[in-house]
């Protein structure tokens, strides 16, 4: 639809794609900002409920305007920095931390036909960008000229690079069956063959754990580790720059959950192939979007649940868990999956 | 040259100095740790204390004997009852005062309840140190119940000033006994809940087992007492070994085990909470009607002499030395604070660990800075 | 090898048990309204109001019960009580407090003054919420501020000074 609108405005393909990109990114930015806001609100509510509290309930009806109030507070806050920071890098870091996971949304199929670009190499593109977001954290820690920040940044680098390996190996097992790198085709494969989670539950668990670690969520939140490193890499950040890191973290969370849903849980598909609407109709798109959102919300809740239940791992234990547990299991898993797929497909 | 500069001048090229505290989320107060690190490995820890020094010993010398009681509340503010008890016992020893039986049992009940409250706050903070934030809220939730009971008895929630020279300030009433009985019924289930939520968690095991290991010799040479000493396998508990209240009429075990690490300390404190609950239950049965204060002269003036009393506070051995010169004010008061000795061992046991270990070790020592600095 | 998998399996079970506790708490709050917290200004805890404000007690005629024995002043650890002594207007032999000031900036709420009082002149009122917004107002004059015993004949300045000097000697 947007594509047609862009085509109607200009005949030049470059300008067309420019308009198309601008509209799409604005849409995604707006929707994701709204999602992040409600996500932060939900996180606070869920954490409160799990700790037998009530959570924010003062600002607006049932506390719903709390995040807006917090956002206004963060934007208006004075940006306090010490005078030894490396200014350019210091300002660049939050931009990268937001931009990298945000850009990865370009190829996520939210519903049938609701996708910005259907890359043939969608999965590789997404992983390239998630790998890039660690650069933002590293720059932040380095440019802050603060030992706590540097420690946090170094931990982040080690952690994110290590956890990408089991994540991708777990994914390879699934790719043996789907034989495509496009996220849309992965979903379409699941439409005919059933959800991947049923064939590859081990891959799913490993992928989800590694994804949790990728976006620095507890119990893998060593990067921030408020009881050890004060606030880790964003110790020196205040106001809107801190808000950007916060935003980036939640977008990364959403991205990780969306990827898990697309790859393992059938994307926009309803469970048991339940299909009340004609494929291609607008109602079908909305139906798919609803299922997609519901599945992502379930995974996000699980992530919050992890965070408010578990203690934090130590950095060496984190590495041991990755290299001695996740990687061997995912390797064996990959082998078994490859053998099975070879047997089935002849 | 100040302390920090001196340490900085001794650094090797691969090492660097990091300042943990006095404003840091997990130093439990205003403690400052100057940590020499190589990467994340701890080479040296220098605790810098004194930010909360309030000259309590000197103030006590300038106040009459009963006036010292509210002062002791503010030292170890999480175990205020025990501090009151130590001070009162020392003064009673000086003045040769016989404490009424009912008062003694009330003292046992409130002290053990206070020990539970103190350990609960420790558990909560320890959970937060390891990153389990829900444990923090759970620990505080049950601590509130204990504080309600203690408020019923003493009128305050933190600085009780309840145990007085000769007895206790006020008699306990039926509501107190009812509330305590309710708590006794409720608490074992909650202890199990903590055990499942935090104690059984493999991540928690990873974080605490073999972290901050301390041999019995080290513990004894540093004067470490309390749960930290008991975790090295030495069942040293002044409630058994040097019965200052009628603890010998009660049936309870001394919690000790052979895990001289953070996990062992956790186990000791968890068991101690259960044992304290047993003590409270038995003491409630033994509570009989009677006087709570003996007949005393309005102005407390002990004879010339000196007294030393040691009791088992939640953090270890709390000692009060008191010297009288026959006036209404003590000539000298000295407090032996358990946290101070326990903190001094941190350099020995934290060396070679990681920064994350240091926080867990500090949490497992269970310091109260009011107690360290006095 | 067996231990490796056993550890992982047992660990996963323990993690799930921990997660069940938080989930149970969450449903407790949502479905059974079991939240521990109370919404403070609207709801308050049903505290057994015991100690709070130190308050002066008056006899039926509106005069303070205080006979200025100075017991409370001697007992007060931070020394936050000051009083001025006067004569009872109806019974000149009896001494009575004309002013009785308690500095809440210093008060420790230890109850020692109440225990020291032989005449039931002061007691701990069951009021917990009395925030002060100005430090100068924390010096609460109780006998006159409570609008009782106000009509007593005031002492001369010299007499008050003497009293204060005497009280200082007590410490």
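Protein chains in written order, with the working numbering: chain B, 7 to 352; chain Y, 425 to 798; chain U, 73 to 243. Beta carbons: idealized from backbone N, C-alpha and C, even for Gly.
Inset, instruction - Compute the beta-carbon to beta-carbon distance between residue 4 of chain B and residue 220 of chain B, rounded to the nearest angstrom, for a pair I have assumed lies under 8 Å. - result: The structure shown has nothing for residue 4 of chain B, since chain B only spans 7 to 352.
Inset, instruction - Quick one: grab the DSSP three-state call for residue 748 of chain Y. - result: Along the second chain, one-based indexing puts residue 748 of chain Y at 324. If DSSP states are grouped into helix, strand and coil, residue 748 of chain Y belongs with the strands.
Legend entry - Element boundaries [beta strand (DSSP E), containing residue 617 of chain Y]: Residue numbering aside, residue 617 of chain Y sits at position 193 when the second chain is read from its first letter. Premise fails: residue 617 of chain Y lies in the alpha helix (DSSP H), 598-618, not in any beta strand (DSSP E).
Inset, instruction - Report the residue from Y:593, Y:558, Y:451 whose alpha carbon sits nearest the alpha carbon of residue 50 of chain B. - result: Walking along the first chain from the start, residue 50 of chain B turns up at place 44. Checked all of Y:593, Y:558, Y:451; the closest Cα to residue 50 of chain B is Y:558.
Inset, instruction - Look at the alpha carbon of residue 332 of chain B and the alpha carbon of residue 741 of chain Y, and state the distance between them as a whole number of angstroms. - result: One-based indexing of the first chain puts residue 332 of chain B at position 326. One-based indexing of the second chain puts residue 741 of chain Y at position 317. Taking the straight line from one Cα to the other gives about 46 Å.
Inset, instruction - Indicate the three-state DSSP secondary structure (helix, strand or coil) for residue 755 of chain Y in the structure shown. - result: Along the second chain, one-based indexing puts residue 755 of chain Y at 331. Three-state result, residue 755 of chain Y: strand.
Legend entry - Contact check, residue 149 of chain U vs residue 612 of chain Y, beta carbons under 8 Å: For the purposes of this step, residue 149 of chain U is taken as residue 77 along the third chain, with counting starting at 1. For the purposes of this step, residue 612 of chain Y is taken as residue 188 along the second chain, with counting starting at 1. Contact flag unset, no.
Legend entry - Residue burial classification, residue 763 of chain Y (beta-carbon count within 10 angstroms, cutoff 16): Indexing the second chain from 1 puts residue 763 of chain Y at position 339. Burial call: buried.
Inset, instruction - Check distances from the C-beta atoms of the region 84-112 of chain U to those of chain B and list, in chain order, the residues that come in under 8 Å. - result: 87, 90, 91, 93, 94, 95, 97, 98, 100, 101, 102, 106, 107, 108, 109, 111
Legend entry - Assumed close pair residue 100 of chain B, residue 250 of chain B - CB separation to whole angstroms, cut-off 8 Å: Residue mapping note: residue 100 of chain B aligns to position 94 of the first chain, counting from 1. Residue mapping note: residue 250 of chain B aligns to position 244 of the first chain, counting from 1. That pair is a contact at about 4 Å.
Legend entry - As assigned by DSSP and simplified to three states, the class of residue 241 of chain U: By 1-based counting over the third chain, the position of residue 241 of chain U is 169. Confidence at residue 241 of chain U is low in this model, with a pLDDT of 47, below 50, so the placement of that residue is unreliable and no value is reported for it.
Legend entry - C-beta neighbour in chain Y for residue 179 of chain U, strict 8 Å: Counting from one through the third chain, the residue named residue 179 of chain U turns up at place 107. Not one chain Y Cβ lies under 8 Å of residue 179 of chain U.
Inset, instruction - Could you please give me the residues that DSSP links to residue 82 of chain B through a beta bridge? - result: Numbered from its first residue, the first chain carries residue 82 of chain B at position 76. Per DSSP, none; premise fails for residue 82 of chain B.
Inset, instruction - Give a yes or no on whether the minimum CB-CB distance between residue 780 of chain Y and chain U is below 8 Å. - result: Walking along the second chain from the start, residue 780 of chain Y turns up at place 356. Answer no: the Cβ-Cβ gap between residue 780 of chain Y and chain U never drops below 8 Å.
Legend entry - Secondary structure of residue 239 of chain B, DSSP reduced to three states: One-based indexing of the first chain puts residue 239 of chain B at position 233. Correct three-state label for residue 239 of chain B: helix.
Inset, instruction - List the residues that DSSP assigns as beta-bridge partners of residue 458 of chain Y. - result: Within the second chain, the letter at position 34 stands for residue 458 of chain Y. Paired residues: Y:443, Y:470.
Inset, instruction - Determine which residues of the region 549-574 of chain Y have a Cβ less than 9 Å from any Cβ of chain B, and write them out in chain order. - result: 551, 552, 553, 554, 555, 556, 557, 558, 559, 560, 561, 562, 565
Inset, instruction - Could you confirm whether any beta carbon from chain Y is found closer than 8 Å to the beta carbon of residue 147 of chain U? - result: Taking the third chain and counting its residues from 1, one reaches residue 147 of chain U at position 75. Yes, contact with chain Y.
Inset, instruction - Whole angstroms is fine: what's the gap from residue 220 of chain U's alpha carbon to residue 504 of chain Y's? - result: For the purposes of this step, residue 220 of chain U is identified with residue 148 of the third chain, where counting begins at 1. For the purposes of this step, residue 504 of chain Y is identified with residue 80 of the second chain, where counting begins at 1. Because residue 220 of chain U carries a pLDDT of 43, less than 50, the predicted location of this residue cannot be relied on, and the following value inherits that uncertainty. Their Cα atoms are separated by approximately 38 Å.
Inset, instruction - Return the chain-ordered ranges of every alpha helix (DSSP H) run that is complete within the region 80-168 of chain B and spans a minimum of 4 residues. - result: 93-110, 128-149
Legend entry - Euclidean distance between Cα positions of residue 177 of chain B and residue 341 of chain B: Taking the first residue of the first chain as position 1, residue 177 of chain B is located at position 171. Taking the first residue of the first chain as position 1, residue 341 of chain B is located at position 335. Taking the straight line joining both Cα atoms gives about 12 Å.
Legend entry - Exposure label - residue 213 of chain B; buried when at least 16 CB within 10 Å: As a working note, residue 213 of chain B is residue 207 in the first chain. Result: buried.
Inset, instruction - Check the Cβ of residue 621 of chain Y against every Cβ in chain U and list those closer than 7 Å, keeping chain order. - result: Locating residue 621 of chain Y in the second chain gives position 197, counting from the first residue. The answer, in chain order, is 90, 93.
Inset, instruction - Can you pull the chain Y residues whose beta carbon is under 8 Å from the beta carbon of residue 174 of chain U, in chain order? - result: Walking along the third chain from the start, residue 174 of chain U turns up at place 102. In chain order: nothing, as chain Y lies at least about 15 Å away.
Legend entry - Terminal residues of the beta strand (DSSP E) in which residue 157 of chain U lies: Translated into positions along the third chain, residue 157 of chain U becomes position 85. Counting along the chain, the beta strand (DSSP E) containing residue 157 of chain U begins and ends at 153-159.
Legend entry - Residues that residue 80 of chain U contacts on chain B, provided the C-beta gap is smaller than 7 Å: Indexing the third chain from 1 puts residue 80 of chain U at position 8. The answer, in chain order, is 331.
Inset, instruction - From the DSSP output, in three-state form, read off residue 592 of chain Y for me. - result: The sequence position of residue 592 of chain Y within the second chain is 168, counting from 1. In the structure shown, residue 592 of chain Y sits in a strand (DSSP, three-state: E or B).
Legend entry - Proximal residues, the region 588-619 of chain Y versus chain U, C-beta separation under 7 Å: 593, 599, 617
Inset, instruction - Measure the C-alpha to C-alpha separation of residue 372 of chain Y and residue 684 of chain Y and round it to an integer number of angstroms. - result: The question about residue 372 of chain Y has no answer, for chain Y in this structure spans 425 to 798.
Legend entry - Sequence ranges, alpha helix (DSSP H) only - wholly within the region 543-580 of chain Y, length at least 4: 557-578
Legend entry - chain U contact residues for residue 624 of chain Y, given Cβ-Cβ distances below 8 Å: Working through the second chain from its first residue, we reach residue 624 of chain Y at position 200. Going along chain U in sequence order, the residues near residue 624 of chain Y (Cβ under 8 Å) are 86, 89, 90.
Legend entry - residue 114 of chain U (DSSP reduced to helix, strand or coil): For the purposes of this step, residue 114 of chain U is taken as the residue at position 42 of the third chain. Residue 114 of chain U falls in the coil class under three-state DSSP.
Legend entry - Residues of the region 28-60 of chain B with Cβ closer than 9 Å to any Cβ of chain U, in chain order: 52, 54, 55, 56, 57, 58, 59, 60
Legend entry - Whole-number beta carbon distance between residue 216 of chain B and residue 282 of chain B, since they are thought to touch under 8 Å: Translated into positions along the first chain, residue 282 of chain B becomes position 276. Translated into positions along the first chain, residue 216 of chain B becomes position 210. The pair is not a contact, with the Cβ atoms about 35 Å apart (cut-off 8 Å).
Legend entry - Euclidean distance between Cα positions of residue 78 of chain B and residue 246 of chain B: Counting from one through the first chain, the residue named residue 78 of chain B turns up at place 72. Counting from one through the first chain, the residue named residue 246 of chain B turns up at place 240. So the alpha carbons of these two residues sit roughly 9 Å apart.
Legend entry - Cβ of residue 306 of chain B within 8 Å of any chain Y Cβ: For the purposes of this step, residue 306 of chain B is taken as the residue at position 300 of the first chain. For residue 306 of chain B, the answer is no, since every Cβ of chain Y falls outside 8 Å of its Cβ.
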